[in-house]
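If you read the protein sequences in the order shown, they are chains H and S. In terms of our numbering, the first sequence has 479 at position 452, counting the first letter as 1, and numbering is strictly consecutive. In terms of our numbering, the second sequence has -11 at position 1, counting the first letter as 1, and numbering is strictly consecutive. Positions of the beta carbon are idealized from the N, C-alpha and C atoms, including for glycine. These numbers were taken from a predicted model, which means no experiment stands behind them. This report concerns only the one structure given below.
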Amino acid sequence: MRHHLPVFVFLLPFGMAICMPLISLVRPKWCRGLTMLALAAMTGLSVMLYSHVIAQGPIRYALSGWMPPLGIEWIVDGLSGLLLPLLGSLALMGVWYAGPLVTEGKGSIHFHLLTLLLVSGLSGMVMAGDLFNIFVFLEVSALSSYALVGSAGGRALVSAFRYLILGTLGASLYLLGVGYFYAVTGTLNMTDLADRLPDLLASKAVMAGFIFMLIGLGIKMALVPLHGWLPDAYVDAPDSVSPLLAPLVTKVALYAVVRVMYWVVGGEEVGETLPILTLSSWLGAVAALVGAFLALSQQELKRMFAYAGISHVGIIVMGVCLGNPTGFAGGIFYLLTDAVMQAALFYIAGTAFYSLGIRTLADLGRLRGQMPWVIGVLIVIAISMIGIPPSGGFFGKWYIILGALEAGNYIVVGGVVGATLLTLGYFVTIFERIFVDSVSSGPAVLAESPLSMRATMGMLAAASLVLGLMSDPMIRLILDHAFPG
Amino acid sequence: MNASLFDILTIWLQRPNFIAFIILFLWGLYIMIAHHNLIKKLIGMYLVQTSVIFFFITVSAKAGATVPILLNGESVDPALYANPLPHVLMLTAIVVGVATLGVSLALVVAIYRQYGSLDEEVILKQLGE
Chain H
28 MRHHLPVFVF
38 LLPFGMAICM
48 PLISLVRPKW
58 CRGLTMLALA
68 AMTGLSVMLY
78 SHVIAQGPIR
88 YALSGWMPPL
98 GIEWIVDGLS
108 GLLLPLLGSL
118 ALMGVWYAGP
128 LVTEGKGSIH
138 FHLLTLLLVS
148 GLSGMVMAGD
158 LFNIFVFLEV
168 SALSSYALVG
178 SAGGRALVSA
188 FRYLILGTLG
198 ASLYLLGVGY
208 FYAVTGTLNM
218 TDLADRLPDL
228 LASKAVMAGF
238 IFMLIGLGIK
248 MALVPLHGWL
258 PDAYVDAPDS
268 VSPLLAPLVT
278 KVALYAVVRV
288 MYWVVGGEEV
298 GETLPILTLS
308 SWLGAVAALV
318 GAFLALSQQE
328 LKRMFAYAGI
338 SHVGIIVMGV
348 CLGNPTGFAG
358 GIFYLLTDAV
368 MQAALFYIAG
378 TAFYSLGIRT
388 LADLGRLRGQ
398 MPWVIGVLIV
408 IAISMIGIPP
418 SGGFFGKWYI
428 ILGALEAGNY
438 IVVGGVVGAT
448 LLTLGYFVTI
458 FERIFVDSVS
468 SGPAVLAESP
478 LSMRATMGML
488 AAASLVLGLM
498 SDPMIRLILD
508 HAFPG
Chain S
-11 MNASLFDILT
-1 IWLQRPNFIA
9 FIILFLWGLY
19 IMIAHHNLIK
29 KLIGMYLVQT
39 SVIFFFITVS
49 AKAGATVPIL
59 LNGESVDPAL
69 YANPLPHVLM
79 LTAIVVGVAT
89 LGVSLALVVA
99 IYRQYGSLDE
109 EVILKQLGE
C-alpha cells in the first residue's frame, strides 16, 4: 500500500478539484472545509511518504504498471519528498489564511478549485520522472495561476494576460529543449537520459536544448532578466492569491532546473564542455543584487516583497549552482526557508490592507500601536530575510557562502553579502516608516485582524525560527538523501 | 570544420523543415512582441506553440513511412514506420495549447468588457490614469 503513496498525494487535491463544482452546487459552504481537508490529508500523506523514503530509499512509481522507460515514471527521492510536505502545508495555510478574504458563494468555488489544481500541478511537477511530464504539469499549474491572478478583475486581468504570454513562451522554449534532447537520445525518461547523455555532451544539439530549457524555466522562476511578469502579477493578484503563488510557483520551477541540471545532465560533466554551473551562479548573483536594488526603490508594500522574492530566487540559484554538496544543501535549505518567508511577507501585506487599508510604505506608520501582532511577525520574518543568526535565513546563506568559498567562487560570496546588505536596507526603510514616521492616525485603537490571519502568520514566523534551530539535522538530511550521486 | 559558405547553404537547404520551423517560431515571437492588439499577440503565441509541435513532428517524419502495427501477426520492421511517440506527445501538447488559448481568450474577453478596447496602448493609457 505504501508503494502507492505518490499517486495518492497527487490524486487528493486533483480529485477534490474535480469534485469541487458538484460540491458547490449541493453544499456551497463546504468548499473551504473540504479543500482544507484534502490539503491536510495530502500534507499528512507526503510526510509519511518522506519518512518512508528516508527509511527505505527512493520510490519509483510506474504509473498503471507500465515499466519505465516505456511507461511514465514518478520518482520520490530525498529531494522531491522534501518539497511535497512544504507544498501541502503552505497551500493549506494559504487557504486557511484566505478565509476572511474569499467571499462566500461564487468567488469561493473559483478560488478553491484553482488552488487545488495549482497544488496538484505543482506536486506532479515535483514527482515527475520524465521531461515531458514536467512540461504538462508545468502548464497545469501555470494555467491555474493565470486564472488565479486574473480572478481579481480590473488591473489584474492585464497583468494575468502578460503573465500568460510570457509563461507560455517559457513553456514553449522548455518544450523545444525537450525536443532537442529527444532528437539526440530517443528517450524522455530522466534515468534513461542520465545514462545516455554523458557520451553526447559535446553535441551542440544537447547544449542548445539544455540552454532552451534553462531559458524557459528561467522565465517561470523569474530569474533576472526574465522577471518582467512577476511584480505586476503578484501585486495585482488578490491578497488571497499572492501568498499562494509567491512561495510555490517560482520555487518549483527552480526545483525543475535543479532536477534537469543534476539528475539529467549531471552537474559536473557539463562544467567541462560549457561552464554552465558557474555561469548560472553568476546570473544568480546578478538576480540577487538587481532584485534587491529594485525592492529598495519601491513604494508599494506588495511590490517591494515581490522584488524581494526575485532577489531571493537569485540567492537560491547561486547556492544550487555551486556544484559542491555544501552549496547545494545550503541552496535547498534556503529554498525551504524562502518559501516560508515569502508566504509570511504576503500574509503581512494582505492583513495590513484587510484591517487598515494599508498598501504603500507611506501609510505604514499607522501600523504602530494598532497591529502589534503584524509588527511582531514582520520583525521575526525580517530577521530571517536579512539573515540574523537564530533564523533559517542565516543558516541557508551561511552554507551557501561556505560552499562558495569551497568552490573558490568569490562572485557568489559577494552576491550573497551584497544582497544581504540591500535586504537590510529595505527592511530598515520599512521599520523606519513604522516606528519613526509621525502619521496622524488619531487615537491608537487596536485593529483586530481575524484569527485565521493571526494564526497563519504566527505559525510561519515560528516556522522560520524552527527551521533555523533545526538547520543542522535538516542540512544533514539534504546531504544524505537529496544530493545526487 | 572549414566548410565553405556553399557547403553550409547546401546543408541548410537539405533541411527545409527546420528552416520552416525557425521561420514560424521567429514570426510568432515577432508578432507577440510587435503587435499592440491582444488577439494578435495570442495568434503569435499560438504560432510559437505550433512551431514547436512542428519541430517534434519533423524530427519523427519519414518519407513513405507506414504505421506501427502488427501485420498478419508480425510486427512491421521498425525501419519502415514513423516513430509514433513524438506524435502522441504532440497530441498532449496540442491539448495543452488549446487549454492555454481558452484561458487567454477568457482573459481577453474580460479585458475587453472592462476597458472597451483590445489595443494595448489604449488599455495602458487607462491603467496609467
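Judged by pairs of C-beta atoms under 8 Å, the stretch 247 to 259 of chain H touches the stretch 189 to 205 of chain H, as three or more such pairs exist. Put simply, the CB of A280 (chain H) is far from chain S, with every gap to its CB atoms at 9 Å or more.
Y18 (chain S) counts as exposed, since fewer than 16 other beta carbons sit within 10 angstroms of its beta carbon. V103 (chain H) is bridged by DSSP to H:I86. With respect to chain S, the C-beta atom of V401 (chain H) has no partner C-beta closer than 9 Å. Shown here for I102 (chain H): same chain residues with a beta carbon closer than 6 Å to its own, the five before and five after excluded, namely R87 and G156 in chain order.
Three or more Cβ pairs closer than 8 Å define a contact, and the stretch 234 to 244 of chain H falls short of that threshold against the stretch 101 to 121 of chain H. The three-state reading of DSSP puts E459 (chain H) in helix, counting H, G and I together. Every unbroken stretch of the alpha helix (DSSP H) spanning 4 or more residues and falling wholly within the stretch 318 to 371 of chain H is given here in chain order: 328 to 347.
Per DSSP, Y201 (chain H) has no beta-bridge partner at all. Of the residues H:F41, H:V185, H:L143 and H:V163, the one whose Cα lies closest to the Cα of A283 (chain H) is H:V163. The beta carbon of F41 (chain H) lies closer than 6 Å to those of S147 in the same chain, with the five residues before and after it left out. Contact between the stretch 497 to 505 of chain H and the stretch 15 to 35 of chain S is absent: fewer than three C-beta pairs spanning the two stretches fall below 8 Å. With a beta-carbon spacing of about 6 Å, Y261 (chain H) and L272 (chain H) fall inside the 8 Å limit used to define contacts. Counting along the chain, H75 (chain S) sits inside the alpha helix (DSSP H) bounded by residues P72 to Y103. Listed in chain order, the positions of the stretch 15 to 44 of chain S with a beta carbon within less than 7 Å of a beta carbon of chain H are M20, L26, K29, M33, V36, Q37, V40, F43 and F44. The contact set of I99 (chain S) on chain H, defined by CB atoms closer than 7 Å, consists of L184, V185 and F188 in chain order. Comparing C-alpha distances from G98 (chain H) to each of H:L61, H:A68, H:L215 and H:M154 shows the shortest one belongs to H:L215.
When C-alpha distances from I57 (chain S) are compared across S:A49, S:L68, S:V83 and S:K50, the shortest belongs to S:L68. Counting the other Cβ atoms within 10 Å of the Cβ of A489 (chain H) gives fewer than 16, which makes it exposed. Residues I19 of the same chain have their beta carbon placed closer than 8 Å to that of K28 (chain S), with the five preceding and five following residues left out of the count. Distance from the CA atom of N351 (chain H) to the CA atom of I428 (chain H), rounded to whole angstroms, is 12 Å.
Close partners of F159 (chain H) in chain S (Cβ separation under 8 Å): L77 and T80.
Flagged as an interface residue toward chain H: F13 (chain S), by a C-beta distance shorter than 9 Å. Rounded to the nearest angstrom, the gap between the Cα atoms of L72 (chain H) and F35 (chain H) is 8 Å.
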